[in-house]
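Using the numbering used here, you'd call the opening residue of the sequence shown number 156 and step up by one each time. A quick write-up on the structure given underneath.
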Amino acid sequence: MNKTFSKALKVSLPVFFGYIAIGIAFGLMLVQKGYPWWLSFVMSLFIFAGAGQYVAVGLFAAGTPLSMIIFTELLVNIRHIVYGLSLITKFQSIGKWKYYIIFGLTDETYSLLTTTEVPEGSKPGPFYFFIALLDHSYWILGSIIGAVAGSLIPFDFSGVDFALTALFVVLLIDQIEKTKDLLPPIIGSIVTIIAIILWRFGLFADANNILLIALAAGIATITLLRTRKTKNKEGNQ
Numbered sequence: 156m157n158k159t160f161s162k163a164l165k166v167s168l169p170v171f172f173g174y175i176a177i178g179i180a181f182g183l184m185l186v187q188k189g190y191p192w193w194l195s196f197v198m199s200l201f202i203f204a205g206a207g208q209y210v211a212v213g214l215f216a217a218g219t220p221l222s223m224i225i226f227t228e229l230l231v232n233i234r235h236i237v238y239g240l241s242l243i244t245k246f247q248s249i250g251k252w253k254y255y256i257i258f259g260l261t262d263e264t265y266s267l268l269t270t271t272e273v274p275e276g277s278k279p280g281p282f283y284f285f286i287a288l289l290d291h292s293y294w295i296l297g298s299i300i301g302a303v304a305g306s307l308i309p310f311d312f313s314g315v316d317f318a319l320t321a322l323f324v325v326l327l328i329d330q331i332e333k334t335k336d337l338l339p340p341i342i343g344s345i346v347t348i349i350a351i352i353l354w355r356f357g358l359f360a361d362a363n364n365i366l367l368i369a370l371a372a373g374i375a376t377i378t379l380l381r382t383r384k385t386k387n388k389e390g391n392q
């Protein structure tokens, strides 16, 4: 088990540096909005939603009705439905470990679970569990550091929320290097640009729908192209 943990630790180190950075940014933002530092720990322990936590703080601070907060969080995190569906087969044989892994399935953890091979001599369940647990721990640590520092030290908060965007860019580059597949990021970029243009021209009013529209269009396009490719291969055999 110790060997499995050490391997998971090595694999998750890139997420450590990213989560410490954006966790600190989250903690700083939370106390800047007037909330106590310990709320950062509570949110990171029980919610652990990354972008969802950033959005939630802004919505709470603005006095947004609870029903609208729930709906907005659903839109922000709806991509996790796709994550879960794509991992059904992978999780069928890992037993009790899957419950916590499902809870801890962030974008970064999903990236590791889908691109990292289980090391020889390790079982999938414990290996995936330790990756999820370590990533969760990094996020909690970063958010506590940020919240405590923000409570004790005067800080300029300009640009702090860009940390999350920077982490996504790093993960994208890592995914491209591992898979050598440029199709998904190209399609994702195109449909996102189209969604922004549609919003700018007033075809839909709420900017929060940009993510939902881009996600749906991207998944549909990639699925269609993959299906055609598979059928062409079968037809040529």
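Every residue gets a Cβ at the ideal spot worked out from N, C-alpha and C, and that includes glycine. Because the structure is a prediction, the values reported are computed rather than measured.
Alpha helix (DSSP H) segment containing residue 237, residue limits: 234-241
Distance cut-off 7 angstroms: residue 362 Cβ against heavy atoms of the ligand MN: No copy of the ligand MN occurs in the structure displayed, which carries no ligand at all.
Nonlocal neighbours in the same chain, by C-beta distance under 8 angstroms from residue 376, ignoring five residues either side: 342, 346
Cβ distance (whole Å) where residue 186 is taken to contact residue 193 below 8 angstroms: So it is not a contact: roughly 10 angstroms between Cβ atoms.
Helix, strand or coil at residue 186 [DSSP, three-state]: Under the three-state reduction of DSSP, residue 186 is assigned to helix.
Residue 381 versus residue 220 - alpha carbon distance: 41 angstroms
Residue 340 to residue 327 span [Cα, whole Å]: 8 angstroms
Residue burial classification, residue 263 (beta-carbon count within 10 angstroms, cutoff 16): Counting every other CB atom within 10 Å of its CB across the protein chains shown gives residue 263 a total of 16 or more, marking it as buried.
Contacts around residue 354, its chain only, beta-carbon distance under 7 angstroms, and the 5 residues preceding and following it disregarded: 362, 365
Whole-angstrom distance between residue 385 and residue 298, CA atom to CA atom: 44 angstroms
Residue 215 to residue 294 span [Cα, whole Å]: Straight across, the Cα-Cα distance linking residue 215 with residue 294 is about 21 angstroms.
Inter-residue spacing [alpha-carbon to alpha-carbon] between residue 228 and residue 207: 6 angstroms
Secondary structure of residue 248, DSSP reduced to three states: coil
Assigned secondary structure, residue 375 (DSSP; H/G/I helix, E/B strand, else coil): helix
Opening and closing residue of the alpha helix (DSSP H) in which residue 356 lies: According to the DSSP assignment, residue 356 belongs to no alpha helix (DSSP H), since it is labelled neither H nor E.
Contacts around residue 226, its chain only, beta-carbon distance under 7 angstroms, and the 5 residues preceding and following it disregarded: none
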